[in-house]
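A.B. asks: Take the sequence shown: its letter number 52 is residue 41 in this note's numbering, and every next letter is one higher.
This is the structure I want to talk about, given as structure tokens.
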Amino acid sequence: MTTTAQTPQAWPSLKVKDWAETRDTLHMWTQIVGKIRLVHTPLVNHWWNVTLYVSPRGLTT
């Protein structure tokens, strides 16, 4: 009896040129959100007041 085991598939390779516009847009929006937070929160040592945190739903402040 022969069985063929399913081998786990590797992550597909990501070519930078394929998603460069998305990367640049995401970078711009995170800068905008950071600048808004910078203006609306009091200064904390080492700019800790402007960090973005990763949550299950994406980035949060």
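All C-beta atoms, glycine included, are put in the ideal place defined by N, C-alpha and C.
In this text, all values refer to a predicted model and were calculated from it rather than measured experimentally.
1) Mind checking who GLY47 pairs with in its DSSP beta bridge?
2) Excluding sequence positions up to five away, which residues of its chain have a Cβ less than 8 Å from the Cβ of GLN12?
3) Relative to the C-alpha of TRP36, which candidate in LEU15, ARG26 and SER2 has its C-alpha closest?
C.D. replies: Well, looking at it:
1) SER44
2) It should be noted that the sequence gives Arg, not Gln, for residue 12. The answer, listed in chain order, is VAL5.
3) ARG26
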